[in-house]
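Written below as structure tokens is the structure these notes are about.
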Amino acid sequence: MVTILIQNGTVVSATGRVRADVLIDGEIIVAVLAPGSALLGNDLAASVDRVIDATGKYVIPGGVDAHTHMQLPFGGTAASDTFETGTRAAAWGGTTTIVDFAVQSYGQRVFDGLAAWHEKAAGNCAIDYGFHQIIGDLNEDSLQAMDGLLDEGISSFKLFMAYPGVFYSDDAQILRAMQKSAETGLMTMMHAENGPAIDVLVTQLLAEGKTDPYYHGVARAWQLEEEATHRAIMLANLTGAPLYVVHVSAKQAVQQIAAARDHGQNVFGETCPQYLYLSLEENLGVPGFEGAKWVCSTPLRSRAEGHQDHLWQSLRTNDIQMVSTDHCPFCMKGQKELGLGDFSKIPNGIGSVEHRLDLLYQGVVNGRISLERWVEITATTPARMFGLYGKKGVIQPGADGDIVIYDPNGHTSIGLPVNGNGKTHHMNMDHSAWEGYEIDGHVDTVLSRGKVIIDDNSYLGSTGDGRFVKRGLSQYLI
Ligand SMILES: [Zn+2]
Ligand SMILES: [Zn+2]
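Note that the working numbering gives residue 514 to position 402 of the sequence shown, counting from 1, and the numbers run on in steps of one.
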């Protein structure tokens, strides 16, 4: 067993910061110690295999990204990051656990979909991973299968109020699934957009010759996000299901979630970096086809309407609980291009799995959130929300040695795939939705279960380091 002592850093948790040393034995954190502690007369630094000096740096729990789509088939193509490339990129950015979405496609049995996802991921991941289960065909057989999910370490399932003919569930199906959620404790995750209404607008816009990426945002109007969010909340209220609304982008949807929470309902919201920083006007709406880089659902919203400011505020007030990426990368060439001349054929998704910690740290620098809140929304709450807390999301004895040493005096330039000028990313994409973003901080060192996998701007891990993590029920319910 290798022993590591991380010395002289500031350990930051969701509740505070303290100067402390962290001792790791093998894969596990065994002690958080007063700086320079000579426990029982031992010179710890002289006794361990390796000392990492974290002077002037933050020592934080490894990031938990609870919303990724590696290798997801979508619109005749598949997300360009494999589990291998996507989890390695995540590690570069200080994320040490992902929860990806196993897919039950229409006509497929739930456990066949799950088995296929295990096959894609097993032996290929750089970091630990778990799965949510997408229920894409909610029938009697699926409802029965849901009883067995928790035994498989899967404590949450996702339904779609959008994408008729693909993943869509109607209100009757949602009600049945939520009854099951209330009965089993499984978290219901909801893609809350009114899909049938969106499809009408898409058809009308295309008929008027409005084919540019911008109209993706017009068709997916905020009213249709607010309405679906409200409907999901009321069905959850009726059934008693815990509800987690994914990728919230409209301030009106946030208000629905906040109102439900004020009434004591177990309703939670997630947003993503793209909704905090990017907009309909500046990104999706750039002339020509370039806006395709930023086609994702829910869509980027108008800055003039104030969604971005409201989302930052909701992160401060805990109206929104956490930030995931919804990482779903597609290259422009051969993938996004499928939608040239028809925005509805552009594969939906943005790649961000590598940049979540950095982009949210910039929120700390900009005075949007506190340092502690940064750790909470990127690691601690995701771990609690999805039944990983104790092992993940916290630096404490008994937790996995998943640790990031973050340099607040470092710098990160986000750019195109490796191009020699230091502005880069490691995701398998031919562009970046974040090109030109400059971050006043840097992920220096990343440990995954006690193994140093990123250090000194090098990747030191191996394919297959990551293991499947069985999750328990949510530890965040009120
Ligand atoms: Zn979704
Ligand atoms: Zn998603």
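Beta carbons are placed, not taken as given, at the ideal position from N, Cα and C, and that holds for glycine.
Practice problem: Look at the alpha carbon of Pro173 and the alpha carbon of Val134, and state the distance between them as a whole number of angstroms. | Solution: 11 Å
Quiz prompt | Sequence-distant residues of its chain with Cβ nearer than 8 Å to Thr351 (five each side left out) | solution = Leu287, Met290, Gln291, Ser293, Ala294
Practice problem: Give the DSSP bridge partners of Pro185, in chain order. | Solution: According to DSSP, Pro185 bridges with Ala190.
Self-check item: Of the residues Ile458, Gly248, Leu559, the one placed nearest Lys270, counting alpha carbons only
Solution: Gly248
Quiz item: Ile526: buried (16+ other C-beta within 10 angstroms of its C-beta) or exposed?
Solution: buried
Exercise. Report yes if the C-beta of His554 is less than 7 Å from at least one heavy atom of ligand 1; otherwise report no.
Key: Checking the Cβ of His554 against ligand 1 gives no.
Quiz item: Among all the DSSP beta bridges, which residues are the ones paired with Ile118?
Solution: Ile118 is bridged to Val134, Ile164.
Quiz item: Does the pairing of the region 294-311 with the region 266-286 give three or more beta-carbon distances under 8 Å?
Solution: yes
Quiz item: When burial is assigned at 16 or more other CB atoms within 10 Å of the CB, is His554 buried or exposed?
Solution: buried
Quiz item: Helix, strand or coil: which one does DSSP assign to Lys270?
Solution: For Lys270, the three-state secondary structure derived from DSSP is strand.
Quiz item: With distances taken between CB atoms, is the gap from Gln377 to Arg496 smaller than 8 Å?
Solution: no
Practice problem: Tell me Met541's beta-bridge partners as DSSP assigns them. | Solution: Per DSSP, none; premise fails for Met541.
Quiz item: Is the beta carbon of Pro539 sitting closer than 8 Å to the one on Ala201?
Solution: Looking at the sequence provided, one finds Met at residue 539 rather than Pro. Against a cut-off of 8 Å, the Cβ pair of Ala201 and Met539 comes out as a contact.
Quiz item: Skipping 5 residues on each side, what residues in its chain have a beta carbon closer than 6 Å to that of Thr300?
Solution: Met290, Ser293, Ala353, Leu355
Quiz item: How about Val435 and Thr383: do their beta carbons lie closer than 8 Å?
Solution: yes
Practice problem: For the beta strand (DSSP E) containing Asp519, list its first residue and its last residue. | Solution: 515-519
Exercise. Give the range of the beta strand (DSSP E) segment to which Pro592 is assigned.
Key: With the chain running from 113 to 590 in the structure shown, residue 592 is simply not present.
Quiz item: Where does Ile369 sit, in a helix, a strand or coil, going by DSSP?
Solution: helix
Quiz item: Would the beta-carbon of Val215 be found less than 7 Å away from any heavy atom of ligand 2?
Solution: no
Self-check item: Rounded separation between Phe401 and Asp324 - CA only
Solution: A direct Cα-to-Cα measurement between Phe401 and Asp324 gives close to 6 Å.
Quiz prompt | Three-pair Cβ contact test at 8 Å for the region 424-441 versus the region 449-462 | solution = yes
Quiz item: Ordered along the chain, which non-local residues of its own chain (more than five positions away) have a Cβ less than 6 Å from that of Glu67?
Solution: Here the chain covers residues 113 to 590 and nothing more, so residue 67 does not appear.
Self-check item: Whole-Å CB distance - Ser267 paired with Arg583, under 8 Å assumed
Solution: 5 Å
Exercise. Inspect the beta-carbon positions of Gln558 and Ser125 and report whether they are closer than 8 Å.
Key: The residue asked about is misnamed: residue 558 is Val in this sequence, not Gln. No.
Quiz item: Out of Thr575, Gly505, Val366, His244, which has the shortest C-alpha to C-alpha gap to Trp334?
Solution: Val366
Self-check item: Complete alpha helix (DSSP H) runs within the region 300-338 (minimum length 4 residues, chain order)
Solution: 307-319, 326-331
Quiz prompt | Cβ-based burial, Lys503 [other Cβ within 10 Å; buried from 16] | solution = buried
Quiz item: Got a sec: does ligand 1 put a non-hydrogen atom nearer than 7 Å to the Cβ of His244?
Solution: no
Quiz item: Exposed or buried, which one is Leu317 when buried takes at least 16 other CB atoms within 10 Å?
Solution: buried
Self-check item: Coarse secondary structure for Gly453, derived from DSSP in three states
Solution: coil
Self-check item: Minimum Cβ-Cβ distance from Pro185 to chain D less than 8 Å
Solution: Of the chains in the structure shown, none is chain D; there is only one protein chain.
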